[in-house]
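Residue numbers (this note's numbering): -3 to 336.
Take a look at the structure:
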């Protein structure tokens, strides 16, 4: 591997001069702890009310990507998206500001839009059916245009733009993606990296971050969602890179990360830990670390090794979508054990 502890320290220092922009589905995760005794029986309805004894809120979706970027201490972090005019939106924006993000690019849509919030009710240590806010949002064309305008006004001042889409049907008007593609064409020198669960095939001239199954599906190599071999993935990554005219990054779970730029293939094996692991949020960590490394002018091999180390931090944090800071990454890269 090429990324030594010394080089990792140098890269972390360079990241402190990087300016990162994120567009995405900014979300809030809510945890409501219920008391099994419940509350009073409603006089009006005769129904037993539930009793919430504790409530916690944390950044989710693209907000968690922002938290991961912020943990690496770039010079500037700007976020662009839409929130509702509601208490969850206010809490989300407050927490984004607390991690140092510039939230001027968050537009408030007053009607037909609830801030994406995933309320997890916990009873006797077990999660109950979730309450989701924003499932049937209708983003207005005016909101889309405002986001595009904010991005256009900021793009000359950032080194990389992360485009992160996670919530189903979060882009109501596909003309918004046309607007993003136009912005990308207008700035060929700018790095755009996309991680999209539902609209990847709509983007052009961008770097992609996808997992192995998602990447194969883009070329109709596994319509049934089955795994493909690593040799097949290398061919897929190379073809995708040629199609998108940019480097492609494919996560392989416990087997690490694969990347391609044209016919050039890059690879880092997964890390092995003698501990219980939790992969929730690892994809957000990889995306954030890749973006920060690329913004700091790291090469592709260095970028995937850095992202691999960062993911090695967060998978060891149980029952949370954790982040990876520089000190934690240095601990992992000091004595890495790779999956053979």
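From the three backbone atoms N, C-alpha and C, an ideal C-beta is built for every residue, glycine too.
Asked	Found
Please identify the residue among 117, 60, 85 and 303 whose C-alpha is closest to the C-alpha of residue 110.	85
Please state whether the Cβ-Cβ distance between residue 70 and residue 16 is less than 7 angstroms.	yes
Measuring only the C-alpha atoms, how far is residue 136 from residue 24?	21 angstroms
Which residues does DSSP pair with residue 54 in a beta bridge?	25
Bridge partners of residue 128, per DSSP?	114
Which residue comes first and which comes last in the beta strand (DSSP E) that contains residue 188?	187 to 192
Secondary structure at residue 272, three-state DSSP: helix, strand or coil?	coil
Around the Cβ of residue 243, are there at least 16 other Cβ atoms within 10 angstroms (buried) or fewer (exposed)?	buried
Opposite residue 247 in the DSSP bridges: which residues?	207 and 253
In or out: residue 269 buried (at least 16 other Cβ within 10 Å) or exposed?	exposed
Tell me the rounded alpha-carbon separation between residue 38 and residue 30.	17 angstroms
Whole angstroms are fine: how far does the CA of residue 276 sit from the CA of residue 120?	22 angstroms
What three-state label does DSSP hand residue 172 in the structure shown?	helix
Give the single residue among 188, 264, 132 and 173 whose Cα lies nearest to the Cα of residue 151.	188
For residue 109, which of helix, strand or coil comes out of DSSP?	coil
What residue from 118, 80 and 146 has the CA that sits closest to residue 132's CA?	80
What are the residues that DSSP puts in a beta bridge with residue 238?	Answer is none; residue 238 lacks a bridge partner.
What is the residue span of the beta strand (DSSP E) that residue 15 lies within?	15 to 20
Residue ranges of each beta strand (DSSP E) run of no fewer than 3 residues wholly in the stretch 33 to 94, ordered along the chain?	47 to 57 and 72 to 80
Would residue 208 be called buried (16 or more neighbouring beta carbons within 10 Å of its own) or exposed?	buried
Let me confirm a value: residue 176 is counted as buried when at least 16 other C-beta atoms fall within 10 Å, else exposed. Which label applies?	buried
Residue 265: which of 14, 271, 256 and 249 sits nearest, CA to CA?	249
Determine, using beta-carbon pairs with one atom in the stretch 281 to 290 and one in the stretch 189 to 205, whether at least three such pairs fall under 8 angstroms.	yes
Check the DSSP bridge columns for residue 31 and list the partner residues they point to.	47
Can the beta-carbon of residue 10 be found closer than 7 angstroms to that of residue 292?	yes
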